[in-house]
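Chemist: I'd like to ask you about the structure that follows.
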Amino acid sequence: MTGAPILFLALLMAAPALAQPAPNDSTPPADVPDAEHATPTDTPAVAATGSRSAENAVRQAGDAFGTSIGREVSGLYSRERVRGFSPVVAGNVRIDGLYFDPIVVPSSRLVRATAIRVGPSALGSPFPAPTGIVDLGLRRPGQEAAASLLVGYNTWHTPTAEFDASLPVSSTLSIGVGAGMQLENGFNKTRDHSVEGAFIAEWKPSARLSLLPFFTVRETPIDDHGPISVPQGNFLPPRLPRRQFFGPWWSRGGDTELNAGLIADWTITNGWLLRAGLFRSQRVVNGQFANVVRITAPDGTGTQRITGDPTLYNASTSGELRLTRRFEDGPRRHQIHATLRGRQGYRRFDGSQAVDLGPVNILGVAPNVLPPTLNFGPQQDDNVRQWTGGIAYEGRWDGVGELSVGVQKSEYSKRIGFPDAITATDATPWLYNVTAAAQLADGVTLYGGAVTGLEESGVAPNFAANRNEALPAIRTRQIDAGVRLNLGGGMRMVAGLFEVSKPYFNLDTAGRFDVLGEVINRGVEASLAGPLTDELSIVAGAVLLRPRVTGEAVTRGLVGRLPVGAIAERIEFSADWRPGFAPGLSLDMRLSYRSPEVATVNNLVFVPTRTLIDVGGRYRFMLAGNEAVLRIQTTNLTSQQGFDLRGANAYTVLPGRVTQAYLTVDF
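Dropping the structure here:
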């Protein structure tokens, strides 16, 4: 462990603050102000559709464990990486607190805020998950007519336009609409051109009943597939060129994504609440390609293969029905939840054909090859059905502490293969969770808990022999403990320990993506968030991770003791400064540090340490009588070179410096 992360953790633990508790996800979310004015049960600010100029993930974050507000992001974790794992891949996504199985996560046209629920921020969730929870807060339409227009451009020549509006139709019905367009020119000069639209409504026919239907669709007619570099040995690729597309012009495709759902909240009578959510998520991919360059020497020479797929289909119907009983006993508040969750998913995959383009050098020019005639083969089907029933208790005693206990029974069924060769997987585990928090003094609370889960393990990557194959669900478990503190003034702090364990999937000696053992991630995490002064707010987090892989393959020396993608030390620091001498102006920065990343199954190759710096600013002003903000931001300010790891010994180039500017106007 290096000195910098130790010093950073020491500084965090020496600055007591209060970790903002998560809301009870049996309660519909409400609009709230900035986190510095928040109450203990507030979520990150989820304003009504049509108001966007105040979006700021630093000032609206409750902790440093991950928050996104519209286009703005802050924090240590993201929906793709929490404590070394992905909550989205694991299937731990919620929409306004209700279970949702996304094929694609809805964009900011529908989702206003995303919060990562982990550690003490998971308190108040009656059924937590070992890999953490990604909680999506919808853009609920407000009771006042409003609209917001965003237009932007960056130095890679990517134009962006977004529009959101909210319209009250009557005293009981409000609707919201959204639209977006982006003609992206990427870091490797690939194009990703997309348009999308969204609709959401909130109908309250009575004071006790609320219905929230929504629908969003995204069409991507052009999606170039850039190269993935896969060295055929224990070495990194050469320094890859930026802003250069290495591949044939025809290696592009497109897709159509859809998310739709209905949320109902019914207060049956005082103390009884029924929540229900039914969701549909699907993606149809036309013309997908895998562009893989197998590098045989450190000078960049190798061979290139393009693998094309027939039309791929992936869809899931999911939802949750939850009944909650609430009652009070003096200073004690009790809640009992009974829930039924379900999902049914279907995937059609395989049938691909590979085209070898011959010898190449990735530092040169890609071969100019005419588009081949692809003769696709038969496709496999993947059907998954899962039902989970559970009961949970939550209790809170003011000035004393909290207790959450739950038990669930899950029935999981998976059928995968060709029509005449189906492989079946079934599981019926019992799952449990218990979490407690004790208030030792005013503003000092200890927490701890244990939870088990049945989680998804993702899909085999494009460069695997079994590419696109959905992997079976796995048993997972987690224990964690820590402290949250408060000295007032809106500052919040969390420091804790955790251990997460699950089966370890990666490439075996035959190139298949399969189980290689068990991985245990042990670590220390810390978070500090809030206003240091009236002008300066910060979000700072650090995690020290000590992962280990165990199993027969490790004992035999076939697999290293560290999992691919492991990063031992990470630090994230964001700040937003509003100087008093310049009304309307704010300046912000973000620093991201991480230690070397394990790149190969045998642990012989690492992606080097890197530190990235982003800087930006906002200027708020009135434009024709409307609130407006001009946002300018530069990411990777120093244009640091490096690689992004896409799997075991598979790399893309780290994006270089890019400056973006966009103007947001609220009407």
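Numbered by mature numbering (1 follows the signal peptide of the UniProt record, and there is no 0), the letters in the sequence shown go through residues -19 to -1, 1 to 648 in order.
The C-beta atom is built at its ideal place from N, Cα and C for all residues, glycine as well.
#1: How would you label residue 361, buried or exposed, when you count the other beta carbons within 10 angstroms and need 16 or more for buried?
#2: What is the DSSP secondary structure of residue 605, counted as helix, strand or coil?
#3: Which word fits residue 207, buried or exposed, when buried means at least 16 other C-beta atoms lie within 10 angstroms of its C-beta?
#4: Could you tell me the distance, in whole angstroms, from the CA atom of residue 113 to the CA atom of residue 49?
#5: Please classify residue 603 as buried or exposed, where buried requires at least 16 neighbouring CB atoms within 10 angstroms.
#6: Roughly how many whole angstroms lie between the Cα atoms of residue 474 and residue 531?
#7: What's the call for residue 353, buried or exposed, on a 16-neighbour Cβ count within 10 Å?
#8: In terms of residue numbering, what span does the beta strand (DSSP E) encompassing residue 194 cover?
#9: Specify the secondary structure class of residue 388 as computed by DSSP and reduced to three states.
#10: Alpha carbon to alpha carbon, how far is residue 648 from residue 587?
#11: Please identify the residue among 148, 288, 410 and 254 whose C-alpha is closest to the C-alpha of residue 209.
#12: Cα separation between residue 78 and residue 95?
#13: When you measure from the CB of residue 615 to every non-hydrogen atom of the ligand PLP, does any distance come out below 8 angstroms?
#14: Specify, as a first and last residue, the run of the alpha helix (DSSP H) that residue 340 falls within.
#15: Suppose contacts are defined by Cβ-Cβ distances below 9 angstroms. Is residue 579 in contact with residue 544 by that definition?
#16: My guess is that residue 197 and residue 178 are in contact by the Cβ rule of under 8 angstroms, so how many angstroms apart are they, rounded?
#17: Flag this pair as touching only if the stretch 435 to 453 and the stretch 488 to 495 have three or more C-beta atom pairs under 8 angstroms; answer yes or no.
#18: With residue 535 as the anchor, note down where its beta strand (DSSP E) starts and where it stops.
#19: Judging by CA-CA distance, which residue of 423, 236 and 501 is the nearest neighbour of residue 469?
#20: Can you have a look at residue 118 and say buried or exposed, based on whether 16 or more other CB atoms are within 10 angstroms of its CB?
#21: Pull up the DSSP beta-bridge partners for residue 141, would you.
#22: Quick one: Cα of residue 402 to Cα of residue 115, how far?
#23: Quick check on the burial criterion: 16 or more other C-beta atoms within 10 angstroms. Buried or exposed for residue 313?
#24: Can residue 184 and residue 139 be called in contact, C-beta distance under 9 angstroms?
#25: Between residue 46 and residue 508, which are expected to be in contact by the criterion C-beta below 8 angstroms, what is the C-beta distance as a whole number of angstroms?
#26: If you drop the 5 nearest sequence neighbours on each side, which residues of the same chain put their C-beta closer than 6 angstroms to that of residue 389?
#27: Taking C-beta to C-beta, are residue 244 and residue 256 nearer than 9 angstroms?
#28: Mind checking residue 592: buried by the 16 CB within 10 Å criterion, or exposed?
#29: Verify whether the separation of the beta carbon atoms of residue 374 and residue 334 is less than 9 angstroms.
#30: In three-state terms, what does DSSP make of residue 647?
#31: First and last residue of the beta strand (DSSP E) that includes residue 631?
#32: Classify residue 69 as helix, strand or coil using the three-state DSSP reduction.
#33: For residue 661, which of helix, strand or coil comes out of DSSP?
#34: Excluding the five sequence neighbours on either side, which residues of its own chain have a C-beta within less than 7 angstroms of the C-beta of residue 331, listed in chain order?
#35: Nearest to residue 529 by alpha carbon, out of 482, 427, 172 and 203?
#36: In angstroms, rounded to a whole number, what distance separates the CA positions of residue 477 and residue 464?
Modeler: In terms of the structure at hand:
#1: Its Cβ being crowded by 16 or more others within 10 Å, residue 361 is buried.
#2: Correct three-state label for residue 605: coil.
#3: Flag for residue 207 reads buried.
#4: The straight-line gap from Cα to Cα measures roughly 16 angstroms.
#5: The C-beta of residue 603 has fewer than 16 other C-beta atoms within 10 Å across all chains shown, which makes the residue exposed.
#6: Residue 474 and residue 531: Cα-Cα distance of roughly 34 angstroms.
#7: When all chains shown are included, residue 353 counts as exposed.
#8: It spans 190 to 205 - the beta strand (DSSP E) in which residue 194 sits, taken as one unbroken run.
#9: Residue state for residue 388 is assigned as strand, using DSSP reduced to three classes.
#10: The alpha-carbon of residue 648 is positioned some 50 angstroms away from that of residue 587.
#11: Considering only 148, 288, 410 and 254, the residue with the shortest C-alpha distance to residue 209 is 288.
#12: Spanning the alpha carbons of residue 78 and residue 95 requires a straight line of approximately 11 angstroms.
#13: The ligand PLP is absent from the structure shown, which contains no ligands of any kind.
#14: For residue 340, there is no enclosing alpha helix (DSSP H); the residue is part of the beta strand (DSSP E) that begins and ends at 334 to 342.
#15: Yes, these two residues count as a Cβ contact at 9 angstroms.
#16: 7 angstroms between Cβ atoms; contact.
#17: In this structure the stretch 435 to 453 touches the stretch 488 to 495; the number of beta carbon pairs closer than 8 angstroms is three or more.
#18: From DSSP, residue 535 is part of no beta strand (DSSP E) but of the alpha helix (DSSP H) over 533 to 536.
#19: That would be 423, whose Cα lies nearest to the Cα of residue 469.
#20: Answer is buried; the Cβ neighbour count reaches 16.
#21: As DSSP reads the structure, residue 141 sits in a beta bridge with 133 and 163.
#22: Straight-line Cα distance between these residues: approximately 36 angstroms.
#23: Within 10 angstroms of the beta-carbon of residue 313 lie fewer than 16 other beta-carbons, which makes it exposed.
#24: Going by C-beta atoms, residue 184 is not nearer than 9 angstroms to residue 139.
#25: Residue 46 to residue 508, Cβ: 6 angstroms. Contact.
#26: If we look at residue 389 and ignore the five residues flanking it on each side, its Cβ neighbours are 369, 371 and 412.
#27: Cβ distance < 9 angstroms, so residue 244 and residue 256 count as in contact.
#28: With fewer than 16 Cβ atoms within 10 Å of its Cβ, residue 592 is classed as exposed.
#29: The answer is no: Cβ separation not under 9 angstroms.
#30: Correct three-state label for residue 647: strand.
#31: Residues 631 to 634.
#32: Residue 69 carries a helical assignment under DSSP once its states are collapsed to helix, strand and coil.
#33: Since the displayed the chain opens at -19 and closes at 648, residue 661 lies outside it and no answer follows.
#34: Cβ within range, chain order: 360, 361 and 449.
#35: Ranked by Cα distance from residue 529, the first of 482, 427, 172 and 203 is 482.
#36: Inter-residue distance for residue 477 and residue 464 is about 6 angstroms (C-alpha atoms, whole angstroms).
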